[in-house]
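Engineer: With the sequence shown counted from 1, adding 2 to any position gets you my numbering.
The beta carbon of each residue, even a glycine, is placed where N, CA and C say it ideally should be.
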Amino acid sequence: MTRPARRLPNLLNGPAFVLALGLAMAPASGAGAGPADDYIAARDKAVAALAKAEKAGASPENLEKRDAAERKTLERMMGGLIGPLRFKGFSASFSPATLLDGSIESGGPDGLLFSDADATTYLLVSPEPVFANWLAARAKAEGADPALGRGIAAAVGSEEFYTLAIGAEAAFSRYMDLPVTAADGETVRAALGLFSQDLPSNTLPEAVVVTRVANGRVTVGNAAVELGIASLPVCDKAWKAASAKAEALRTAAEKSKKEDDPRWEQANAADVDASNAFRTCFAKEAQGQPFLAAAVKRAEALLATARGQ
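(1) Cα separation between residue 131 and residue 72?
(2) How many angstroms separate the CA atom of residue 241 from the CA atom of residue 234?
(3) I'd like to know whether the C-beta atoms of residue 222 and residue 212 end up nearer to each other than 9 Å.
(4) Look at the Cβ atom of residue 180, then the Cβ atom of residue 49, and state whether they are nearer than 9 Å.
(5) Closest to residue 99 by C-alpha separation, out of 69, 270 and 194, would be which residue?
(6) Just tell me which of 250, 239 and 194 has its CA closest to the CA of residue 304.
(7) Expressed to the nearest angstrom, what Euclidean distance is found between the alpha-carbon atoms of residue 279 and residue 256?
(8) Can you give the beta carbon distance from residue 56 to residue 114, rounded, assuming they're within the 8 Å contact cut?
(9) Nearest to residue 104 by alpha carbon, out of 251, 198 and 65?
(10) Rank 77, 272, 236 and 224 by C-alpha distance to the C-alpha of residue 247 and give the top, closest one.
(11) I need the straight-line Cα distance from residue 142 to residue 217, nearest angstrom please.
(12) According to the neighbour-count rule (16 or more other Cβ atoms, all chains shown, within 10 Å of its Cβ), is residue 128 buried or exposed?
(13) Taking 8 Å as the cut-off, does the stretch 192-207 touch the stretch 160-177 (at least 3 CB pairs, one atom from each stretch)?
(14) Buried or exposed for residue 183, going by 16 or more other Cβ atoms inside 10 Å?
(15) Measure from the alpha carbon of residue 168 to the alpha carbon of each residue in 119, 188 and 112, then state which is nearest.
(16) When you compare each of 220, 40, 138 and 58 to residue 187 by their alpha carbons, which one comes out closest?
(17) Once DSSP output is grouped into helix, strand and coil, what is the label at residue 72?
(18) Only counting the same chain, and skipping five residues up and downstream in sequence, which positions put a Cβ closer than 8 Å to that of residue 295?
(19) Pick out whichever of 78, 163 and 287 has its Cα sitting closest to the Cα of residue 312.
(20) Taking 9 Å as the threshold (C-beta atoms), are residue 153 and residue 191 in contact?
(21) What first and last residue would you give for the beta strand (DSSP E) that runs through residue 125?
(22) Buried or exposed for residue 261, going by 16 or more other Cβ atoms inside 10 Å?
(23) Could you have a look at residue 221 and say whether DSSP puts it in helix, strand or coil?
(24) Pull up the DSSP beta-bridge partners for residue 94, would you.
(25) From the DSSP output, in three-state form, read off residue 195 for me.
(26) At 4 residues or longer, what runs of the alpha helix (DSSP H) sit wholly inside the stretch 128-197?
(27) So, helix, strand or coil for residue 36, using DSSP?
(28) Of the residues 136, 170 and 150, which one's Cα is nearest the Cα of residue 124?
(29) Quick check: residue 149 and residue 156, are their CB atoms within less than 9 Å of each other?
(30) Assuming residue 236 is part of the alpha helix (DSSP H), what are its boundary residues?
(31) Per DSSP, which one or two residues make a beta bridge with residue 212?
(32) Please say whether residue 89 and residue 308 have beta carbons closer to each other than 9 Å?
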């Protein structure tokens, strides 16, 4: 699966847009609150019961069986909250993939995860109040981006949001936001980036991500994108220049033969600076290029799929 410089294009920076985004992405109140609360309570109860059983020494086989049963019950409740939902060419599974604490798959949002046959496009759909509850819980984790605690409107501007919502075991790195058009009654956000388990260095972006809030649902999507370019030489040059500092620091630290040499951490920080330099350059060089138009088109197509078109 394609999987983890937050600059907004000028058209997304205006106060009117920010106000509209905040209003449209504010947590829903009233409608659906009862059933959503029932789901959240049932989920918390199931997680607690499994944790208690694990602590009491239940076998892995028993835990797996109980986990499957609990998830099946929650999936039925989730179906009632979301309502009939199908995407042509996609298969659905319940998220999270497990309720057992300690597994990386247990941290995903509650909802239905749709994937295409090629495993290159994913859509996670969740009731807005349930998603907001999940997001608030993730915001309490040590070292979490503060934006996660300020609601969906603020969270979508965070790279960590996509890492947690649909990144699986990879982290999302944002290269640039994409100007997409919202339909009546919805709020949308899109970005071009890369899911990776390592620093992106001078790797070109390979994914578009979108968030759509409409009809009481939050949809987070991820799709592979081919830009049709092999490299951006001017950006490679910027990355190499910044990387030289990291290499010099790392070489000096190795020669010291001291594990606590501060230059180890300085070298790591310089690696991050080099990666950021490439992404900053990419966002600048992308303006007006055909590959940017292709990325926007891919994001618009993903949003169209999310709308059921």
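Structural biologist: According to the data block:
(1) The straight-line gap separating the alpha-carbon atoms of residue 131 and residue 72 is approximately 21 Å.
(2) For residue 241 and residue 234, the distance between alpha carbons rounds to 11 Å.
(3) Yes, Cβ-Cβ distance for residue 222 and residue 212 is below 9 Å.
(4) Using a Cβ distance threshold of 9 Å, residue 180 and residue 49 do not count as a contacting pair.
(5) That would be 69, whose Cα lies nearest to the Cα of residue 99.
(6) Among 250, 239 and 194, the Cα nearest to that of residue 304 is on 194.
(7) Rounded to the nearest angstrom, the two C-alpha atoms are 25 Å apart.
(8) Going by Cβ atoms, the distance from residue 56 to residue 114 rounds to 26 Å, so no, they are not a contact pair.
(9) The residue with the shortest Cα to Cα distance from residue 104 is 65.
(10) Considering only 77, 272, 236 and 224, the residue with the shortest C-alpha distance to residue 247 is 272.
(11) Straight-line Cα distance between these residues: approximately 27 Å.
(12) By the 10 Å Cβ count, residue 128 comes out buried.
(13) Touching, yes.
(14) By the neighbour-count definition (other C-beta atoms within 10 Å, threshold 16), residue 183 is an exposed residue.
(15) If we check each option's Cα against that of residue 168, 112 comes out closest.
(16) Ranking the options by Cα distance to residue 187, first place goes to 220.
(17) Residue state, collapsed to three classes: helix.
(18) So the list is empty, once near-sequence residues are dropped.
(19) As shown, the chain starts at 3 and ends at 311. That puts residue 312 outside it, with no answer to give.
(20) In this structure, residue 153 does not lie closer than 9 Å to residue 191 by Cβ.
(21) Residue 125 -> beta strand (DSSP E) spans 123-129.
(22) So residue 261 ends up on the exposed side.
(23) It is a strand residue.
(24) Note: residue 94 sits in a beta bridge opposite 116.
(25) Reduced to three states, the DSSP call for residue 195 is strand.
(26) Every unbroken stretch of the alpha helix (DSSP H) spanning 4 or more residues and falling wholly within the stretch 128-197 is given here in chain order: 130-141, 154-157 and 161-168.
(27) In this structure, residue 36 counts as helix in the three-state DSSP scheme.
(28) Taking only the C-alpha atoms, the option nearest residue 124 is 170.
(29) In contact: residue 149 and residue 156 (Cβ atoms closer than 9 Å).
(30) Counting along the chain, the unbroken alpha helix (DSSP H) around residue 236 starts and ends at 235-258.
(31) Note: residue 212 is bridge-paired with 192 and 223 in the DSSP secondary-structure output.
(32) In this structure, residue 89 lies closer than 9 Å to residue 308 by Cβ.
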